[in-house]
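One structure below.
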Amino acid sequence: MMEILQLRRKKRRRKRGGENKEGIKKIKQKMRPENWRKIDFTYLTKQVELLRQMNEQHAKVYEQLDVTARELEETNHKLVADSKASQQKILSLTETIECLQTNIDHLQSQVEELKSSGQRRRSQEKHDQEKSAPSFSCLKELYDLRQHFVYDHVFAEQITSLQSRQSPDEEENEHLKKTVTMLQAQLSLERQKRVTMEEEFGLVLKENRDLERQLGATDTYRARALELEAEVAEMRQMLQSEHPFVNGVEKLVPDSLFAPFREPSQSLLEEMLLTPPEAPRKPLKRSSSETVLSSLAGGDIVKGHEETCIRRAKAVKQRGVSLLHEVDTQYSALKVKYEELLKKCQQDEDSLSHKAVQTSRAPAKELAAVGAQPEPGTSGWEPASVTPEPMASPTASTPPEYKALFKEIFSCIKKTKQEIDEQRTKYRSLSSHS
Numbered sequence: 001m002m003e004i005l006q007l008r009r010k011k012r013r014r015k016r017g018g019e020n021k022e023g024i025k026k027i028k029q030k031m032r033p034e035n036w037r038k039i040d041f042t043y044l045t046k047q048v049e050l051l052r053q054m055n056e057q058h059a060k061v062y063e064q065l066d067v068t069a070r071e072l073e074e075t076n077h078k079l080v081a082d083s084k085a086s087q088q089k090i091l092s093l094t095e096t097i098e099c100l101q102t103n104i105d106h107l108q109s110q111v112e113e114l115k116s117s118g119q120r121r122r123s124q125e126k127h128d129q130e131k132s133a134p135s136f137s138c139l140k141e142l143y144d145l146r147q148h149f150v151y152d153h154v155f156a157e158q159i160t161s162l163q164s165r166q167s168p169d170e171e172e173n174e175h176l177k178k179t180v181t182m183l184q185a186q187l188s189l190e191r192q193k194r195v196t197m198e199e200e201f202g203l204v205l206k207e208n209r210d211l212e213r214q215l216g217a218t219d220t221y222r223a224r225a226l227e228l229e230a231e232v233a234e235m236r237q238m239l240q241s242e243h244p245f246v247n248g249v250e251k252l253v254p255d256s257l258f259a260p261f262r263e264p265s266q267s268l269l270e271e272m273l274l275t276p277p278e279a280p281r282k283p284l285k286r287s288s289s290e291t292v293l294s295s296l297a298g299g300d301i302v303k304g305h306e307e308t309c310i311r312r313a314k315a316v317k318q319r320g321v322s323l324l325h326e327v328d329t330q331y332s333a334l335k336v337k338y339e340e341l342l343k344k345c346q347q348d349e350d351s352l353s354h355k356a357v358q359t360s361r362a363p364a365k366e367l368a369a370v371g372a373q374p375e376p377g378t379s380g381w382e383p384a385s386v387t388p389e390p391m392a393s394p395t396a397s398t399p400p401e402y403k404a405l406f407k408e409i410f411s412c413i414k415k416t417k418q419e420i421d422e423q424r425t426k427y428r429s430l431s432s433h434s
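Counting from 1, one number per residue, gives the positions in the sequence shown under UniProt numbering.
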């Protein structure tokens, strides 16, 4: 009996142990989905925050583009009004010049008529003198008058003064000559003013064309921004469709691994304007981290979470190196364009020095000084010889060298604009006084 009781007790113990194991398994199975839900919730919250930040940045970019477009439209309207006013001035000057030319022609015709009439009178006087030759009786009368006349020297002086006096026709002729010379001087001045006004009109037309080109460039930048947004949305959809947990692991990497390639003071619009519009657009490529993480299976990710983090760090470094190469290529292209602009400015100065126009050469000298300054690390620097440095935190990262060059270029452009405006105001004040 005792053995039977012991066997029954052992069976009961075995049943209780199996039931306990099954309960533990069920509890573990219930705990797993709760952990997954927490991870998904944190991932979704971070993704929502990132999307909000992106939307805010895009809104800022659109606002800046709208402001620049309005400013350019206002300047365009002003230039159109200036061009119309200059055209009216040119028309009025041409009308005055035509009136002066007609007056000069009329005066020249009058002068010729007076000359012809004077020649006719002289010929008639000579003919009359030849006809009325003094006879012997006239000579005798003159001799008697000379004997009886007391003030002979006074009579001789009166005769000489009458001969020396000019006729009214000759006086009118001299007066008309003086007026003709004065009118010719005024005509030359009006022609010079017309030439200067035509030059100003050409400059205004050039500025108007440049502003229209900038307006077209803003439209291209907007289209490019929309294309980039569409490409980013497609990439996100691709990543979410491949594996949602992989995207969660990628997004959970801290932001301190990414180095800031843009200064906080610099706006997004300046970055977009600094990129050359003529460069060919490159299609977006997927990074090596995305391909590696998409190829992994779900079970391997759960087991090897530390390995995925290490791979993510390596992928971030590779991405930073590719961005540095792109920045190097853009910098070299901008440097070539900057040198071409310097050459064009020097050629313009040489062509203006041959003319009689006095313009300030300070902007070109400043640009030449900026181009002649030895930039640190750029003299013997090539894009192929870039050594990738380890990614640092945003606080320890210094701004790149090409941005300092861009700041100097913008400062020089602002100085040249200010000097051109001052020269225009001076010229307008001088023209108004004259």
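Here a beta-carbon is modelled for each residue, glycine too, at the ideal position from N, C-alpha and C.
For Ile97 and Leu114, what's the separation of their Cα atoms in angstroms?
26 Å
Comparing C-alpha positions only, which one of Glu419, Glu171 and Asn76 sits nearest to Gly216?
Asn76
Look at the Cβ atom of Arg209, then the Cβ atom of Ile90, and state whether they are nearer than 8 Å.
no
Cβ pair count under 8 Å reaching 3, the region 169–183 against the region 25–43:
no
I'd like to check one pair, Ala69 with Thr218: are the Cβ atoms closer than 8 Å?
yes
Buried or exposed (CB count within 10 angstroms, at least 16 for buried), Leu56:
Just to set this straight, residue 56 is Glu in the shown sequence, not Leu. Result: exposed.
Can you tell me whether Leu405 is buried or exposed, with buried defined as 16 or more other CB within 10 angstroms of its CB?
buried
Assumed close pair Glu207, Leu79 - CB separation to whole angstroms, cut-off 8 Å:
6 Å
Among Gln119, Gln192 and Thr196, which one has its Cα closest to the Cα of Gly169?
The sequence given here has Asp at residue 169, not Gly. Of the candidates Gln119, Gln192 and Thr196, the one whose C-alpha sits nearest the C-alpha of Asp169 is Gln119.
Can you tell me whether Glu200 is buried or exposed? The criterion is at least 16 other CB atoms within 10 Å of its CB, across all chains shown.
buried
Cβ neighbours of Leu100 in the same chain (closer than 8 Å, five flanking residues each side left out):
Leu183, Gln186, Leu187 and Glu190
Quick one: Cα of Lys407 to Cα of Thr416, how far?
14 Å
When the Cα of His58 is compared with those of Thr196, Ser411, Ala230 and Glu234, which residue comes out closest?
Ala230
Through-space distance from Gln64 to Leu50, alpha-carbon basis
21 Å
So that I know if they touch, is there some Cβ in chain B lying closer than 8 Å to that of Met235?
Considering every chain present, this structure includes no chain B. It has just one protein chain.
Between residue 477 and Leu228, what straight-line distance do the alpha-carbon atoms span, to the nearest angstrom?
Past the edges of the chain, shown from 1 to 434, lies residue 477, and the structure says nothing about it.
On the criterion of 16 or more Cβ atoms from any shown chain inside 10 Å, does Val232 qualify as buried, or is it exposed?
exposed
If I measure Cβ to Cβ from Met197 and keep anything under 8 Å in the same chain, skipping five residues before and after, which residues do I get?
Ser86, Lys89, Ile90 and Leu93
Starting from the C-beta of Glu270, find all residues in its chain whose C-beta is less than 7 Å away, skip the five residues before and the five after it, and write them out in chain order.
Residue placement at Glu270 is poorly supported in this model, since its pLDDT is 46, which falls under 50; the coordinates still yield a value, given next. So no residue of the chain qualifies.
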